[in-house]
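Quick note: the sequence shown uses the working numbering, first residue 224, plus one each step.
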Amino acid sequence: MKTLLTLTATLIGLSCSRNIEASAPGPAGVKSGLPSRPVPLDASDPAAVRQVFNRQLKVFGIRVLATRRTPDPKLQHAAAILAGYLDNDRDGRADNPRVVAAMVRQKATVVMFATEREAESLERRLPDRWRDSHEAVALFAEETHPGGAARRRFDASYEEIFHLITHAGYAAAYPAVFGMRPGSQLANAMDRARGGRFLRVPRRYPARAWYTYDDRSCDYGCQTQEYIYWGMTSLLGAQSAEWRFREIRQEWRLNTPKKLRNGDKPLCQLLTDPRYRFPKRLPDGKYHVAIRSR
């Protein structure tokens with residue numbers, strides 16, 4: 224999970240006994256659910272912020288900001304992935320208003336840079352007050368790959384945007400369930416997946432563990448966010464390809480819906496509990512709102 228500096232088609236009957244399939248193309252007679260073009264930043268943004276980011280798209284009040292060198296198609300793709308996660312049934316309304324309200328309250332923001340090098344150069348220009356008041360996650364255009372699976376390139380927007388939703392949204396809206404501290408339902412499931420409660424990354428995980436994230440800069444709370452991301456994207460089929468499993472198996476073993484259903488029932492039950500309205504299909508970056516006749 225990359226925080227910025229210290230900022231920190233509907234399928235029916237989804238359950239842990241059912242496969243989740245990737246979404247098909249949208250039906251005929253749909254209209255765009257996102258603005259067709261990015262717009263300038265808000266006038267209320269400090270001048271220094273407007274010098275770093277020159278345009279934005281808004282999804283349910285959550286902003287996706289981009290630098291001048293970030294291509295419009297990458298910005299639009301990221302906004303569509305965000306919309307697809309939050310309005311998975313594409314009816315034009317957020318599936319879980321409580322989560323979106325928490326994100327808006329904390330000023331959840333996706334900040335896009337063309338490259339990691341650009342981020343390192345520009346982020347220091349952002350005012351401390353602005354950084355401290357926003358929950359932001361950084362996404363680089365160079366790692367954003369619409370349709371990348373066909374070229375064996377994983378699209379990082381699936382990860383970074385979902386981190387923002389769970390960190391600023393679910394963890395805040397349901398702290399006893401999705402909180403990032405020991406004792407939440409999510410943390411308890413993670414402790415089981417790691418083979419024990421490790422407040423620091425262990426030198427070696429128990430042999431029975433299937434979640435073995437080993438980045439020592441990722442503390443316990445960060446580990447919960449990586450864990451729920453692996454679970455959700457595996458359940459949605461984003462990690463199923465053999466080439467992808469070779470890339471991630473040192474961190475995560477349950478990369479398919481079947482493996483997750485059989486191997487981590489507590490996490491699967493959280494992700495499919497209808498009370499929380501998690502997505503049932505993987506966003507395809509082509510968010511549209513269906514026109515429904517009355």
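For every residue, glycine included, the Cβ atom is placed at its ideal position computed from N, Cα and C. Quick caveat: nothing in here was measured; it's all calculated off a predicted structure.
Under the rule that 16 or more other beta-carbon atoms within 10 Å means buried, what is V262, buried or exposed? Counting Cβ neighbours within 10 Å, V262 comes out exposed, since fewer than 16 surround it.
Using a threshold of 7 angstroms, state whether the C-beta atoms of L459 and L494 are closer than that. Cβ distance not < 7 angstroms, so L459 and L494 don't count as in contact.
Three-state secondary structure (DSSP) at K254? For K254, the pLDDT reaches just 45, beneath the cut-off of 50, and the residue's location in the model is therefore unreliable, although a value from the coordinates is still provided. Strand at K254.
Which residues in the same chain have their Cβ closer than 7 angstroms to the Cβ of R376, if we skip the five residues on either side of it in sequence? Close CB contacts of R376 within its chain, under the 7 angstroms cut and outside five residues either way in sequence, are with H368 (chain order).
Among V327, P350 and L280, the one whose alpha carbon lies nearest that of Y393: V327
Cutting at 6 angstroms between CB atoms, please list the residues of its own chain near G284, excluding the five before and the five after it. V327
Quick check on Y510: does DSSP put it in helix, strand or coil? In the structure shown, Y510 adopts coil according to DSSP, grouped into three states.
Rounded to the nearest angstrom, how far is the Cβ of V512 from that of D314, given a contact under 8 angstroms? 7 angstroms
Report yes if the C-beta of E339 is less than 6 angstroms from at least one heavy atom of the ligand NAP; otherwise report no. Only the bare structure without any ligand can be found here, which leaves the ligand NAP out of the picture.
Which residues in the same chain as A271 place their Cβ atom closer than 8 angstroms to its Cβ, once the five residues preceding and following it in sequence are excluded? R348, L349, P350 and W353
Suppose the cutoff is 7 angstroms on Cβ atoms and the five residues either side in sequence are ignored; what does the same chain contact list for Y308 look like? I384, F385, I388, P502 and P506
Report the three-state DSSP secondary structure of Q279 (helix, strand or coil). Taken through DSSP and simplified to helix, strand or coil, Q279 comes out as strand.
To the nearest angstrom, how far is it from the Cα of F317 to the Cα of D310? First, the amino acid is wrong: residue 317 is Ala here, not Phe. One C-alpha to the other measures close to 5 angstroms.
Would you please state the rounded distance, in angstroms, between the beta carbons of M362 and M335? I believe it to be under 8 angstroms. Per the sequence shown, residue 362 should be read as Leu rather than Met. At roughly 5 angstroms, the Cβ-Cβ gap stays under 8 angstroms, so L362 and M335 are in contact.
When you compare each of R291, N319, V322 and E358 to L345 by their alpha carbons, which one comes out closest? R291
Taking just the CA atoms, how far does R500 sit from K482? Rounded to whole angstroms, the gap between the alpha carbons of K482 and R500 is 22 angstroms.
Please classify R417 as buried or exposed, where buried requires at least 16 other C-beta atoms within 10 Å of its C-beta. The residue in question, R417, is buried, as its Cβ has 16 or more Cβ neighbours within 10 Å.
Is the beta carbon of T447 closer than 7 angstroms to that of L522? For the chain, the structure presents residues 224 to 517; residue 522 sits outside this window and is missing.
Using beta carbons (cut-off 7 angstroms, strictly below), is D378 in contact with chain B? This model lacks chain B altogether, as it is built from one protein chain only.
Once DSSP output is grouped into helix, strand and coil, what is the label at E474? coil
In angstroms with no decimal places, state the Cα-to-Cα distance between R426 and E474. 14 angstroms
Where the alpha helix (DSSP H) through V323 begins and ends: P320 to R328
Could you tell me the alpha carbon to alpha carbon distance between A331 and D265, rounded to whole angstroms? 15 angstroms
Looking only at its own chain, which residues have a Cβ that is under 6 angstroms from the Cβ of H390, when we skip the five neighbours before and after it? Q448
Excluding the 5 residues preceding and the 5 following G508 in the sequence, name in chain order all residues of the same chain whose CB lies nearer than 6 angstroms to its CB. Excluding residues within five positions, the ones whose Cβ falls inside 6 angstroms are H300, A303, I304 and P369.
Under DSSP, the beta strand (DSSP E) around F530 begins and ends at which residues? There is simply no residue 530 to check, as the chain begins at 224 and stops at 517 in what is shown.
From W453 to R273, what does the alpha carbon distance come to, in whole angstroms? Rounded to whole angstroms, W453 to R273 spans 34 angstroms at the Cα level.
Uninterrupted alpha helix (DSSP H) stretches inside the stretch 393-451 (no shorter than 4 residues): 398-401 and 408-417
Roughly how many angstroms separate the alpha carbons of R405 and M413, rounded to a whole number? Checking the displayed sequence, the identity of residue 405 turns out to be Pro instead of Arg. Straight-line Cα distance between these residues: approximately 9 angstroms.
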